[in-house]
Amino acid sequence: MIEIYYTKFTNLNDDGTEKSHYYGYRIFDPETEEAEYDATLDNLITLKKRVNQRNLLVYIKQTYPTFYKKIVQSRTYAFNNMIYNV
């Protein structure tokens with residue numbers, strides 16, 4: 434089952450303190466360990482407008498067709514730890 438998660442990517446200074454951070458998502462196939470990331474957004478609100486439950490499948494179909502095919506084949510996917518049927 435394909436897993437999609439919101440994520441926060443953090444860049445650290447040499448001393449381990451936070452330098453900057455970006456929000457994005459991770460799409461992961463646990464069977465093949467194939468993953469895609471997008472961490473280009475500077476805030477969580479923008480991320481939730483771009484990728485959310487209402488538009489998720491359309492977005493993945495357009496952006497990641499290989500992952501979309503796997504979702505359709507399995508008929509389920511996980512989004513932020515919730516399981517959904519296609």
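Heads up, the final residue of the sequence shown is numbered 519 in our numbering, and it's a clean run with no missing numbers. For every residue, glycine included, the Cβ atom is placed at its ideal position computed from N, Cα and C.
query: Do you know how far the Cα of F461 is from the Cα of N476?
result: 22 Å
- request: Just tell me which of R487, K494, I435, R459 has its CA closest to the CA of T465.
  value: Ranking R487, K494, I435, R459 by Cα distance to T465 puts I435 first.
- request: Note the first and the last residue of the continuous alpha helix (DSSP H) segment covering T450.
  value: Per DSSP, T450 belongs to no alpha helix (DSSP H) and is neither H nor E.
- prompt: Can you name, in chain order, every residue of its own chain whose Cβ lies under 6 Å from the Cβ of N444, other than the five neighbours on each side?
  reply: K452, S453
message: Is the beta carbon of G457 closer than 8 Å to that of L490?
response: no
query: Would DSSP call T465 helix, strand or coil?
result: coil
task: Would you mind sorting K503 into buried or exposed? The rule is 16 or more other CB atoms within 10 Å of its CB.
output: buried
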